[in-house]
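Notes to accompany the following structure.
2 protein chains.
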Amino acid sequence: MAGRSVTLRALSILDAFDVRHRRLNLTEIARRSNLPLATAHRHVQELVDWHALERRADGTYQIGTRLWHLGLLSAMHVELREAALPYLQDLCAVTGDTVHLAVRDGFKALYVERLGGVRSVRVVSRPGGTLPLHATAVGKALLAWAPADEQRAALSRLERLTPYTVVDPTRLAAQLAEIRRTEVAWTREEMTLGAASVAVGVTGAAGSVVAAVGLVIPSHRTNVGSGLPALRAAASAISAHLRSRRSAGAA
Amino acid sequence: MAGRSVTLRALSILDAFDVRHRRLNLTEIARRSNLPLATAHRHVQELVDWHALERRADGTYQIGTRLWHLGLLSAMHVELREAALPYLQDLCAVTGDTVHLAVRDGFKALYVERLGGVRSVRVVSRPGGTLPLHATAVGKALLAWAPADEQRAALSRLERLTPYTVVDPTRLAAQLAEIRRTEVAWTREEMTLGAASVAVGVTGAAGSVVAAVGLVIPSHRTNVGSGLPALRAAASAISAHLRSRRSAGAA
DNA sequence: TTTGCGCCTTCCATCTTCCGGAAGCCCTTC
DNA sequence: GAAGGGCTTCCGGAAGATGGAAGGCGCAAA
Chain D
1 MAGRSVTLRA LSILDAFDVR HRRLNLTEIA RRSNLPLATA HRHVQELVDW HALERRADGT
61 YQIGTRLWHL GLLSAMHVEL REAALPYLQD LCAVTGDTVH LAVRDGFKAL YVERLGGVRS
121 VRVVSRPGGT LPLHATAVGK ALLAWAPADE QRAALSRLER LTPYTVVDPT RLAAQLAEIR
181 RTEVAWTREE MTLGAASVAV GVTGAAGSVV AAVGLVIPSH RTNVGSGLPA LRAAASAISA
241 HLRSRRSAGA A
Chain E
1 MAGRSVTLRA LSILDAFDVR HRRLNLTEIA RRSNLPLATA HRHVQELVDW HALERRADGT
61 YQIGTRLWHL GLLSAMHVEL REAALPYLQD LCAVTGDTVH LAVRDGFKAL YVERLGGVRS
121 VRVVSRPGGT LPLHATAVGK ALLAWAPADE QRAALSRLER LTPYTVVDPT RLAAQLAEIR
181 RTEVAWTREE MTLGAASVAV GVTGAAGSVV AAVGLVIPSH RTNVGSGLPA LRAAASAISA
241 HLRSRRSAGA A
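Residue numbers (UniProt numbering), protein chains in the order written: chain D, 1 to 251; chain E, 1 to 251.
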């Protein structure tokens with residue numbers, strides 16, 4: 001394959017895997033990574049030897065323990081998720097709702113963590129997954145404090161997801177201004193029918209908004225704002241935690 | 001470097017990172033992965049381009065978002081952690097203690113998840129980290145149901161960690177038998193002074209013990225067994241969940 | 001039993017690509 | 001202004017990657 005270095009070829013094999021393709025056989029890997037079968041075979045072998053991939057009894061491959069292990073060393077995980085987790089859990093325990101922690105990844109909200117007891121609302125998000133910025137509360141919060149040019153770009157590509165999704169750029173811009181003023185973002189059935197959400201921003205060591213924490217609640221509930229004080233408290237506790245660490249070392 | 005394929009060299013760069021070396025500069029990476037600086041430089045460049053690594057403002061490198069993302073596709077994460085998480089959270093909320101989910105990784109207990117509110121006991125474990133099998137409750141539970149030969153091997157290498165660590169193979173073997181009988185594992189200050197722990201096994205789709213769930217509690221607490229019913233309930237709920245899925249697809 | 005098929009594995013002659021010492025750059029420190 | 005640490009670039013020689021082809025294996029249909 002022209003222009004791809006050896007390493008890139010090996011990495012493109014890993015790229016063949018995603019949420020909807022967690023298990024692939026060799027032929028599928030070769031096809032999805034655009035490599036001849038023999039070449040894919042050789043690379044896959046090496047990746048398996050290194051435990052980047054695992055081979056299952058049925059012959060399919062999946063991401064291995066070693067990569068999971070490595071991924072836990074990423075800044076996103078260690079510096080954000082681990083710092084936030086205790087507060088998120090308390091928030092979850094206090095409110096009983098599904099709790100989200102997300103960061104902005106281009107025009108998407110990337111879900112870093114999702115907590116929710118056995119009885120919480122079922123939601124579409126999953127850790128490592130993404131959802132649109134404009135239709136979720138965490139997304140709106142992240143967008144409200146995003147750089148102006150990125151905000152403008154996001155406003156020009158509003159996709160309708162439910163009858164209640166805000167797809168008018170002017171209206172969303174007004175909402176974002178309101179979010180900056182009140183420091184709370186809301187949605188109501190804009191992503192999923194039956195679900196409402198609230199979110200507030202988390203500020204990092206530098207004082208800018210680096211993440212958002214949100215609650216998802218059934219939209220029929222009347223006291224939608226009841227979790228807000230706890231949410232604000234959690235977000236500012238996480239912000240304080242991030243501020244106090246700056247550049248800490250290992251665990 | 002003799003005998004290492006290109007891919008393996010690139011992977012050995014990733015291997016330079018671990019819990020105590022989350023951020024490395026180029027020189028350190030080259031040294032730790034045993035590669036000439038120029039070679040390391042080339043590989044690191046490619047890994048950064050692919051977002052396997054990230055370069056920070058101060059010039060150091062760390063594991064990037066892409067690997068974190070990929071790791072979340074591993075079976076360990078999707079099939080075990082995600083299935084167990086809601087139950088673990090409930091368990092954490094009910095007991096107020098630190099909750100652990102671990103699997104056996106050779107002679108170590110590999111911590112897949114750790115939950116604990118802001119007020120829980122500080123513990124030495126971390127997700128993705130390992131602790132000895134013989135000095136932790138989850139470890140003992142995993143060891144109790146391990147294959148006989150591995151169990152024997154583990155018994156021959158008991159390291160003392162506190163004055164209370166059980167290092168006599170005969171005594172530990174008796175404890176393991178007791179654990180299989182009662183289906184509960186205990187420790188008391190065997191890993192960390194001041195901490196006790198309880199754990200029970202989780203059975204997978206095939207009916208064998210694949211993981212263990214445990215609680216860590218301050219050892220001065222008198223009602224050490226008070227969390228046991230909730231712990232048992234959580235473990236059997238997770239086991240049931242795993243049994244009912246067998247080979248489910250995506251989220 | 002034979003044939004066909006899908007999938008995996010191995011082989012090896014060819015040639016693309018990687019290797020890494022050396023030299024140069026850019027800071028900071030003395 | 002010289003020394004030193006760390007990073008980046010270069011390029012000829014050497015090494016290792018490539019991938020078409022052929023063979024193996026298990027299964028199902030004829």
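Each residue gets a CB set at the ideal place from its N, CA and C atoms; glycine is no exception.
In chain D, what lies closer than 8 Å to Leu-73 (chain E) by C-beta? Start at 1 with the first residue of the second sequence, and residue 73 (chain E) comes out as number 73. What Leu-73 (chain E) touches in chain D: Phe-17, Asp-18, Val-19, Arg-22, Gln-62, Ile-63 and Gly-128.
Determine whether the Cβ of Pro-36 (chain E) lies closer than 8 Å to any Cβ atom of chain D. If you number the second sequence from 1, residue 36 (chain E) lands on position 36. No, Pro-36 (chain E) lies away from the interface with chain D (no Cβ there is under 8 Å from its Cβ).
Whose C-beta lies closer than 6 Å to the C-beta of Ala-251 (chain E) among residues of the same chain, with five residues either side of it excluded? Position 251 of the second sequence holds residue 251 (chain E). Its pLDDT being 24, under 50, Ala-251 (chain E) is placed unreliably in this model, and the value from its coordinates should be taken loosely. No residues qualify anywhere along the chain.
Quick one: grab the DSSP three-state call for Ser-33 (chain E). As a position in the second sequence, residue 33 (chain E) is number 33, starting the count at 1. If DSSP states are grouped into helix, strand and coil, Ser-33 (chain E) belongs with the helices.
N-terminal and C-terminal residue of the beta strand (DSSP E) that Leu-115 (chain E) is part of: As a working mapping, residue 115 (chain E) is identified with position 115 in the second sequence. Counting along the chain, the beta strand (DSSP E) containing Leu-115 (chain E) begins and ends at 108 to 115.
On the DSSP bridge list, what partners appear for residue 253 (chain E)? The question about residue 253 (chain E) has no answer, for chain E in this structure spans 1 to 251.
Val-78 (chain D) touches chain E at which residues, Cβ-Cβ below 8 Å? One-based indexing of the first sequence puts residue 78 (chain D) at position 78. The contacting residues are Arg-22.
Counting only the same chain and skipping the five closest in sequence on each side, list residues whose C-beta sits under 6 Å from that of Trp-68 (chain E). For the purposes of this step, residue 68 (chain E) is taken as residue 68 along the second sequence, with counting starting at 1. Cβ within range, chain order: n/a, list empty.
Hey, would you say the C-beta of Glu-178 (chain D) is under 7 Å away from at least one heavy atom of the ligand SAH? Ligands displayed in this structure: none; no statement on the ligand SAH is therefore possible.
Taking its Cβ as the centre, do 16 or more other Cβ atoms sit within 10 Å of Gly-225 (chain E), making it buried, or is it exposed? As a position in the second sequence, residue 225 (chain E) is number 225, starting the count at 1. It counts as exposed.
Quick one: which residues of the segment 80 to 103 of chain E get their C-beta closer than 8 Å to a C-beta of chain D? List them in chain order. Those would be Glu-82, Leu-85, Pro-86, Tyr-87, Gln-89, Asp-90, Cys-92 and Ala-93, in chain order.
Decide yes or no for the touch test of the segment 153 to 160 of chain E against the segment 129 to 138 of chain E: beta carbon pairs closer than 8 Å, at least 3 of them. yes
Proximity winner among E:Ser-236, E:Val-44, E:Ile-13 and E:His-51, relative to Asn-34 (chain E) (alpha-carbon distances): Against the second sequence, residue 34 (chain E) aligns to sequence position 34. Among E:Ser-236, E:Val-44, E:Ile-13 and E:His-51, the Cα nearest to that of Asn-34 (chain E) belongs to E:Ile-13.
Any Cβ of chain D within less than 8 Å of the Cβ of Ala-251 (chain E)? Numbered from its first residue, the second sequence carries residue 251 (chain E) at position 251. Only weak support is given to the placement of Ala-251 (chain E): the predicted model assigns it a pLDDT of 24, under 50, and the question is left unresolved by the model.
Please give the ranges of any beta strand (DSSP E) in the UniProt domain "HTH iclR-type" (4 to 65) of chain E, keeping only runs that are unbroken, at least 3 residues long and fully inside the region. 53 to 55 and 61 to 63
Nonlocal neighbours in the same chain, by C-beta distance under 7 Å from His-41 (chain E), ignoring five residues either side: Residue mapping note: residue 41 (chain E) aligns to position 41 of the second sequence, counting from 1. If we look at His-41 (chain E) and ignore the five residues flanking it on each side, its Cβ neighbours are Leu-26.
My understanding is that Arg-4 (chain D) touches Ala-16 (chain D), with C-beta atoms under 8 Å, so please give their C-beta distance in whole angstroms. By one-based count along the first sequence, residue 4 (chain D) stands at place 4. By one-based count along the first sequence, residue 16 (chain D) stands at place 16. That belief does not hold up - the Cβ atoms of Arg-4 (chain D) and Ala-16 (chain D) are roughly 14 Å apart, past 8 Å.
Since Val-112 (chain E) and Val-124 (chain E) are thought to touch, with beta carbons under 8 Å apart, how far apart are those beta carbons, to the nearest angstrom? Within the second sequence, the letter at position 112 stands for residue 112 (chain E). Within the second sequence, the letter at position 124 stands for residue 124 (chain E). That pair is no contact at about 16 Å.
Beta-carbon proximity check, Ala-234 (chain E) vs Asp-90 (chain E), cutoff 8 Å: Within the second sequence, numbered from 1, the residue matching residue 234 (chain E) stands at position 234. Within the second sequence, numbered from 1, the residue matching residue 90 (chain E) stands at position 90. Going by C-beta atoms, Ala-234 (chain E) is nearer than 8 Å to Asp-90 (chain E).
Shortest alpha-carbon distance to His-51 (chain D) belongs to which of E:Ser-219, E:Ala-199 and E:Met-76? To locate residue 51 (chain D), count along the first sequence from 1; it is residue 51. Comparing Cα positions, the closest option is E:Met-76.
Val-6 (chain D) touches chain E at which residues, Cβ-Cβ below 7 Å? Taking the first residue of the first sequence as 1, we reach residue 6 (chain D) at position 6. Those within 7 Å of Val-6 (chain D) in chain E are Val-6 and Thr-7.
Mind listing the chain D neighbours of Glu-150 (chain E)? Cutoff is C-beta to C-beta under 8 Å, in chain order. Residue 150 (chain E) sits at position 150 when you count from the first residue of the second sequence. When 8 Å is used as the limit between beta carbons, Glu-150 (chain E) is near no residue of chain D, the shortest such separation being about 17 Å.
Limits of the alpha helix (DSSP H) - the one that Leu-88 (chain E) falls within: Walking along the second sequence from the start, residue 88 (chain E) turns up at place 88. Following the DSSP letters along the chain, one finds Leu-88 (chain E) inside the alpha helix (DSSP H) bounded by residues 82 to 95.
Note down, in chain order, every chain E residue with its Cβ under 8 Å from the Cβ of His-69 (chain D). Counted from its first residue, the first sequence places residue 69 (chain D) at position 69. Residues of chain E passing the Cβ test: Gly-71 and Gly-128.
Between which residues of its own chain and Arg-81 (chain D) is the CB-CB distance below 6 Å, once the five residues before and five after are set aside? For the purposes of this step, residue 81 (chain D) is taken as residue 81 along the first sequence, with counting starting at 1. Closer than 6 Å at the Cβ level, and outside the excluded window around Arg-81 (chain D), lie Val-112 and Glu-113.
Own chain, CB closer than 6 Å to Met-191 (chain E), minus 5 neighbours either side, in chain order: Locating residue 191 (chain E) in the second sequence gives position 191, where the first residue counts as 1. The answer, listed in chain order, is Ala-135, Thr-136 and Leu-161.
As an exercise, report each continuous beta strand (DSSP E) stretch of at least 3 residues that is fully enclosed by the segment 138 to 163 of chain D, in chain order. Counting only runs of 3+ residues, no beta strand (DSSP E) is found wholly inside the segment 138 to 163 of chain D.
For chain E, is any of its Cβ atoms less than 8 Å away from the one on Ala-211 (chain D)? Translated into positions along the first sequence, residue 211 (chain D) becomes position 211. So, not an interface residue.
Does Ala-52 (chain E) have its Cβ less than 8 Å from a Cβ in chain D? Taking the first residue of the second sequence as 1, we reach residue 52 (chain E) at position 52. It does; some Cβ of chain D falls within 8 Å.
Which residue or residues does DSSP assign as beta-bridge partners of Ile-217 (chain E)? Taking the second sequence and counting its residues from 1, the one referred to as residue 217 (chain E) is at position 217. Paired residue(s): E:Ala-196.
Backbone secondary structure at Leu-133 (chain E) - three-state DSSP: To locate residue 133 (chain E), count along the second sequence from 1; it is residue 133. Three-state DSSP puts Leu-133 (chain E) in a helix.
Chain D partners of Gly-116 (chain E), CB-CB under 8 Å? For the purposes of this step, residue 116 (chain E) is identified with residue 116 of the second sequence, where counting begins at 1. Under the 8 Å cutoff, chain D gives Pro-86 and Gln-89.
Let's test the definition: count the other Cβ atoms within 10 Å of the Cβ of Gly-86 (chain D) and tell me whether it reaches 16, buried, or not, exposed. Here residue 86 (chain D) is taken as the residue at index 86 of the first sequence, counted from 1. The displayed chain sequence assigns Pro, not Gly, to residue 86 (chain D). Answer is buried; the Cβ neighbour count reaches 16.
For Ala-185 (chain D) and Ala-199 (chain D), which I take to be in contact (beta-carbon distance under 8 Å), what is that distance rounded to the nearest angstrom? If you number the first sequence from 1, residue 185 (chain D) lands on position 185. If you number the first sequence from 1, residue 199 (chain D) lands on position 199. 5 Å between Cβ atoms; contact.
With the cut-off set at 8 Å, would you say Arg-23 (chain D) and Thr-65 (chain D) are in Cβ contact? Residue numbering aside, residue 23 (chain D) sits at position 23 when the first sequence is read from its first letter. Residue numbering aside, residue 65 (chain D) sits at position 65 when the first sequence is read from its first letter. Not in contact: Arg-23 (chain D) and Thr-65 (chain D) (Cβ atoms no closer than 8 Å).
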